[in-house]
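As structure tokens, the structure follows; a few thoughts come after it.
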Amino acid sequence: QNHQLRLGCSRRRAQRLVAMAGSGKFFVGGNWKCNGTKESISKLVSDLNAATLESDVDVVVAPPFIYIDQVKSSLTDRIEVSAQNTWIGKGGAFTGEISAEQLVDIGCQWVILGHSERRHVIGEDDQFIGKKAAYALSQNLKVMACIGELLEEREAGKTFDVCFKQMKAFADNITDWKNVVIAYEPVWAIGTGKVASPEQAQEVHAAVRDWLKTNVSADVASTVRIIYGGFRKCSKLC
């Protein structure tokens with residue numbers, strides 16, 4: 656019941672905010688990052704299986720690589736499974752990497768690419784991320800394409816410049832956007848306890864849509880889903 660309440664109220668609020676800007680089903684994604692054990696993930700999957708999810712919402716979870724098979728084998732088909740990263744091309748002698756083909760082979764439907772931790776901790780650059788997105792899409796993975804600015808970039812008034820540069824790298828490599836969800840994740844609102852206001856998030860969402868209309872197509876701008884990917888306080892969802 657609590658799951659339904661939280662999802663329902665956040666969906667209604669978000670639909671009010673997004674209805675003027677784009678179309679498509681509401682999207683909820685959970686990135687588990689480098690967290691969890693077999694036991695804790697079993698409990699989480701059990702809770703997800705017991706939740707009542709509304710039919711007009713796409714729900715995706717992204718467990719760590721080593722738990723994907725466990726999650727796939729026990730999670731309801733109503734919820735799709737994502738990887739948190741993938742290699743830029745076909746597999747081979749790339750120690751520590753996972754290929755798109757391998758993810759598809761174990762039943763993954765999605766992959767997260769361009770997350771701020773991959774950009775700023777691991778050091779992946781825009782073009783590398785854009786090429787990874789193109790290859791993942793070519794192998795029939797759907798992509799959560801992440802963009803977002805650092806705190807110092809926001810304070811310097813560079814939010815749009817940074818996000819548009821990241822978007823250009825995706826647009827330079829992606830030819831078909833129907834299996835792409837754009838996740839705006841301000842880096843200063845990830846794991847810091849700071850929260851971007853709905854107005855701040857919507858300002859960037861609207862700017863990204865305008866950028867897509869100018870640089871990709873009006874159709875993509877009106878249909879691609881753009882979500883907020885940062886920290887959120889539960890009290891702000893309803």
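Residues 656 to 893 (our numbering) are what the sequence shown spells out, left to right. By construction, the Cβ of each residue, glycine as well, lies at the ideal position given by its N, Cα and C atoms.
Thinking just about the alpha-carbon of each residue, which of the options is nearest to the one in residue i?
{"i": "residue 836", "options": "856, 766, 728 and 697", "result": "766"}
{"i": "residue 715", "options": "803, 866, 700 and 684", "result": "684"}
{"i": "residue 626", "options": "802, 720 and 791", "result": "Examination of residue 626 is not possible in this model, given that the chain is present from 656 through 893 alone."}
{"i": "residue 738", "options": "779, 786 and 687", "result": "687"}
{"i": "residue 819", "options": "832, 862 and 808", "result": "862"}
{"i": "residue 857", "options": "834, 883 and 832", "result": "883"}
Using C-beta distances below 6 angstroms, list every residue in its chain close to residue i, excluding the 5 sequence neighbours before and after it, in chain order.
{"i": "residue 806", "result": "843"}
{"i": "residue 867", "result": "875 and 876"}
{"i": "residue 814", "result": "804"}
{"i": "residue 747", "result": "none"}
{"i": "residue 711", "result": "680"}
If I measure Cβ to Cβ from residue i and keep anything under 7 angstroms in the same chain, skipping five residues before and after, which residues do I get?
{"i": "residue 704", "result": "730 and 731"}
{"i": "residue 788", "result": "768, 798, 800, 825, 828 and 829"}
{"i": "residue 744", "result": "790"}
{"i": "residue 699", "result": "none"}
Quick check on residue i: buried or exposed, where buried means 16 or more other Cβ atoms within 10 Å of its Cβ?
{"i": "residue 749", "result": "exposed"}
{"i": "residue 782", "result": "exposed"}
{"i": "residue 763", "result": "buried"}
{"i": "residue 754", "result": "buried"}
{"i": "residue 840", "result": "buried"}
{"i": "residue 692", "result": "exposed"}
{"i": "residue 791", "result": "buried"}
{"i": "residue 701", "result": "exposed"}
Cβ-heavy atom distance between residue i and the ligand ZN below 7 angstroms?
{"i": "residue 810", "result": "Questions concerning the ligand ZN fall outside what the structure shown contains, since it holds no ligand whatsoever."}
Give me, in chain order, the residues of the same chain whose beta-carbon lies closer than 8 angstroms to that of residue i; leave out the 5 immediate sequence neighbours on both sides.
{"i": "residue 870", "result": "822, 823 and 826"}
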